[in-house]
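Residue numbers (my numbering), protein chains in the order written: chain A, 1009 to 1345; chain B, 1009 to 1345.
One structure is given below, encoded as structure tokens.
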DNA sequence: TAATCGCCGGAAAACGCTTTCCGTATCCGA
DNA sequence: TCGGATACGGAAAGCGTTTTCCGGCGATTA
């Protein structure tokens, strides 16, 4: 098995020093004379030389890798964010190393450690963290160690003191949604709240409840459950069983849950929005092709990913930065006449 | 800014040699005595030592990174595959570096080059390649160079002579779909073929047409267009404009196109499956929540990703390997009475 | 009891690149 | 003609690991 050509092979073949070959092939502030430059380039082409990035990273003590950790790539929310992150990283000449945690906080911490070992240039952490202070502290410690030795990090989701964060305006978005739905005439609501102890879910639930309260409406029925499609499905069934008739509108704290809820309601023969209106949160792309199209709160997912990359790379210590959430009313919610 | 603790720091603190520290902390065939082992471990803990993987990769000349290149992470097909790849790689202790090409073959070649420069352990290429022989040859050459110096590669999709490949049975799947639809009584079909020169799309179109021909049915109307949701939408509109009344069943060569077509038909007030039946291909997860639920040909997406990783990592020269495709009839296709 | 073997610790040479430091050659203006 | 920049080539010292030797030592064998 022939080994890859090294810079030394190139230098030898071109009859120049290692230093010169390096300067020609891998950028440098220094100039190299035309004649030698040509010789080196030709030698490199003949040998099919490709820079060994691992060696380069070691020598420069700076890699060109950006780490990304998400919960689940097959969740459209993260897929969208990841897509934007990969794209933005590419624009900065960085490759992306991605990890999926499947919502296991331990895995998340582990991934940060792995990325730190890789000495990646920056880490983008997407997805909300747990409310468990002990776990959060450990994650925090891991990030601190990374940042302590020159690493950069940015989060998407919950603010984690002192780390640059793109924070979607969950609270205000949900609150506005509540107001918009109330304007349609609804008064009795249910919220599929997701798991207790998930900050994003909690914020959205709180914002929604607050919106209702400020209008003098009764507090919503709260149904917890997993944060995914099947969780929404199950929660909706539970809702029907327990509070079948009282409620006219249900808010699932994220879109995939709302999709599951929609399926459950359809399965139970409940007309949406005829009998019950449904709303979600995030505005994942698949939503528009559902029947009925789902009312939701739009988050600029791609933009958030892009912004996180810039935050993680940028020199400006931006601190926390809000991503505006916007209510989008579609067919799944109707006005009560 | 303090720098990361190095192995040398650890060795000094523990009062042992570099060799010993390395053997303790980063695995080795060699044993280290109990006393020294403890000293090293304690020193490492005190200093917060983390192996520098770049340096390790250089010294071992073997990285623990797996490269993955997909077209578009926000396409559920690739999201599903990528998810499985990341998971499978994790089981083998590898991290995944991912690139997205957005269907640009040049970008694909470029990414393979990047991954080669990174000296990744293996590369998994998902997504069908172009029919342009010149581009394919260049991609092939790039892969060859990678494999020529000990890299491993596996593809998902079209077979590329001599590279291990997981190939979905597009032809047979489409053919069986055609037969199943014919059995429902349909005789006049349209196929939304995707772009000309995309092998996967061509295979599926051909298999479908062949199925019809073997039953003595007329050839389908062929409508080309982009391979994505909007492409399907546009193609369906075109179909309605040109052949509005003749056709009773349309096959979009992938699910995202079928979803777009469904939306277009709904937008045009065409009842599905009342007036036109619609079928797709892939069975992406979002399908089940559509109304009507979409008939499709199921591909074991996650399994394909997992298998590709094993192919790329495994010692067994498996060659091309088929992934069985299975017709799944749902509500979007109805029997003609 | 001497010869042999296994174990285990360390010195040092890679791995493939970057970058500092030095030295020589060339150019400019006076 | 000379002094001082300026430009550019190369030697060599890293970057943080792994791994090959080599040597010493205690235990086994004859």
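All residues carry an ideal CB built from backbone N, CA and C; glycine is no exception.
Beta-carbon neighbours of residue i, restricted to chain B and to distances below 9 Å
{"i": "residue 1071(A)", "result": "1062"}
{"i": "residue 1066(A)", "result": "1060, 1062, 1063, 1065 and 1066"}
Within 8 Å, strictly: CB atoms of residue i and residue j
{"i": "residue 1331(A)", "j": "residue 1307(A)", "result": "yes"}
{"i": "residue 1128(B)", "j": "residue 1073(B)", "result": "yes"}
{"i": "residue 1096(B)", "j": "residue 1051(B)", "result": "no"}
{"i": "residue 1092(A)", "j": "residue 1192(A)", "result": "no"}
{"i": "residue 1124(A)", "j": "residue 1101(A)", "result": "no"}
{"i": "residue 1251(A)", "j": "residue 1214(A)", "result": "no"}
{"i": "residue 1273(A)", "j": "residue 1063(B)", "result": "no"}
{"i": "residue 1137(B)", "j": "residue 1076(B)", "result": "no"}
{"i": "residue 1116(A)", "j": "residue 1122(A)", "result": "no"}
{"i": "residue 1231(B)", "j": "residue 1200(B)", "result": "yes"}
{"i": "residue 1255(A)", "j": "residue 1202(A)", "result": "no"}
{"i": "residue 1173(B)", "j": "residue 1049(B)", "result": "no"}
{"i": "residue 1299(A)", "j": "residue 1299(B)", "result": "yes"}
{"i": "residue 1333(A)", "j": "residue 1167(A)", "result": "no"}
{"i": "residue 1205(B)", "j": "residue 1140(B)", "result": "yes"}
{"i": "residue 1118(B)", "j": "residue 1289(B)", "result": "no"}
{"i": "residue 1267(B)", "j": "residue 1245(B)", "result": "no"}
{"i": "residue 1243(A)", "j": "residue 1233(A)", "result": "yes"}
{"i": "residue 1099(A)", "j": "residue 1126(B)", "result": "no"}
{"i": "residue 1247(B)", "j": "residue 1130(B)", "result": "no"}
{"i": "residue 1059(A)", "j": "residue 1034(A)", "result": "yes"}
Cβ-based burial, residue i [other Cβ within 10 Å; buried from 16]
{"i": "residue 1025(A)", "result": "exposed"}
{"i": "residue 1211(A)", "result": "buried"}
{"i": "residue 1071(A)", "result": "buried"}
{"i": "residue 1319(A)", "result": "buried"}
{"i": "residue 1054(A)", "result": "exposed"}
{"i": "residue 1340(B)", "result": "buried"}
{"i": "residue 1265(A)", "result": "buried"}
{"i": "residue 1297(B)", "result": "buried"}
{"i": "residue 1042(B)", "result": "exposed"}
{"i": "residue 1069(A)", "result": "exposed"}
{"i": "residue 1145(B)", "result": "exposed"}
{"i": "residue 1036(A)", "result": "exposed"}
Closer than 8 Å at the beta carbon, the chain B residues around residue i
{"i": "residue 1397(A)", "result": "Summary: the structure shown does not reach residue 1397(A), with chain A confined to residues 1009 through 1345, and so no result is reported for it."}
{"i": "residue 1211(A)", "result": "Those within 8 Å of residue 1211(A) in chain B number zero; the least Cβ separation is about 25 Å."}
7 Å Cβ cut-off: residues of chain B touching residue i
{"i": "residue 1106(A)", "result": "1094, 1104 and 1106"}
{"i": "residue 1122(A)", "result": "1103"}
Same chain, Cβ closer than 8 Å to residue i, neighbours up to 5 away in sequence not counted
{"i": "residue 1291(A)", "result": "1263, 1304, 1305, 1306, 1307, 1309 and 1336"}
{"i": "residue 1134(B)", "result": "1076, 1077, 1078, 1079, 1086, 1089, 1090, 1093, 1163, 1164, 1165, 1313 and 1316"}
{"i": "residue 1282(A)", "result": "1342"}
Top-ranked residue by Cα proximity to residue i, from the options
{"i": "residue 1156(A)", "options": "1121(B), 1247(B), 1317(B) and 1013(B)", "result": "1013(B)"}
{"i": "residue 1279(B)", "options": "1258(B), 1297(B), 1265(B) and 1296(B)", "result": "1258(B)"}
{"i": "residue 1047(B)", "options": "1120(B), 1068(B), 1017(B) and 1036(B)", "result": "1017(B)"}
{"i": "residue 1189(A)", "options": "1041(A), 1011(A), 1237(A) and 1284(A)", "result": "1284(A)"}
{"i": "residue 1194(A)", "options": "1293(A), 1227(A), 1205(A) and 1031(A)", "result": "1227(A)"}
{"i": "residue 1175(A)", "options": "1311(A), 1015(A) and 1216(A)", "result": "1311(A)"}
{"i": "residue 1197(A)", "options": "1204(A), 1220(A) and 1177(A)", "result": "1220(A)"}
{"i": "residue 1082(A)", "options": "1294(A), 1301(A) and 1338(A)", "result": "1294(A)"}
{"i": "residue 1010(B)", "options": "1154(A), 1321(A), 1248(A) and 1031(A)", "result": "1154(A)"}
{"i": "residue 1275(B)", "options": "1181(B), 1241(B) and 1030(B)", "result": "1241(B)"}
{"i": "residue 1302(B)", "options": "1019(B), 1338(B), 1030(B) and 1233(B)", "result": "1338(B)"}
Neighbouring residues, chain A, relative to residue i (Cβ below 9 Å)
{"i": "residue 1088(B)", "result": "1081 and 1082"}
{"i": "residue 1113(B)", "result": "Within 9 Å Cβ-Cβ: nothing; residue 1113(B) doesn't reach chain A, min ~16 Å."}
{"i": "residue 1312(B)", "result": "The contacting residues do not exist; residue 1312(B) stays about 14 Å from chain A at best."}
Contact set for residue i: own chain, Cβ-Cβ below 6 Å, skip 5 residues either direction
{"i": "residue 1106(A)", "result": "1076"}
{"i": "residue 1223(A)", "result": "1190"}
Neighbour list for residue i in chain A, Cβ cutoff strictly below 8 Å
{"i": "residue 1203(B)", "result": "Neighbours of residue 1203(B) on chain A: none; closest Cβ ~21 Å, over 8 Å."}
{"i": "residue 1012(B)", "result": "1127 and 1157"}
{"i": "residue 1091(B)", "result": "1080, 1081, 1082 and 1108"}
Same chain, Cβ closer than 7 Å to residue i, five either side skipped, listed in chain order
{"i": "residue 1044(A)", "result": "1024 and 1028"}
{"i": "residue 1151(A)", "result": "1120, 1161 and 1171"}
{"i": "residue 1142(A)", "result": "none"}
{"i": "residue 1040(A)", "result": "1028, 1031 and 1032"}
{"i": "residue 1209(A)", "result": "1201, 1202, 1203, 1235 and 1261"}
Per-residue contacts from residue i into chain A (C-beta, under 7 Å)
{"i": "residue 1294(B)", "result": "1294"}
{"i": "residue 1385(B)", "result": "Outside the shown range of chain B, which is 1009 to 1345, sits residue 1385(B), and nothing can be said about it."}
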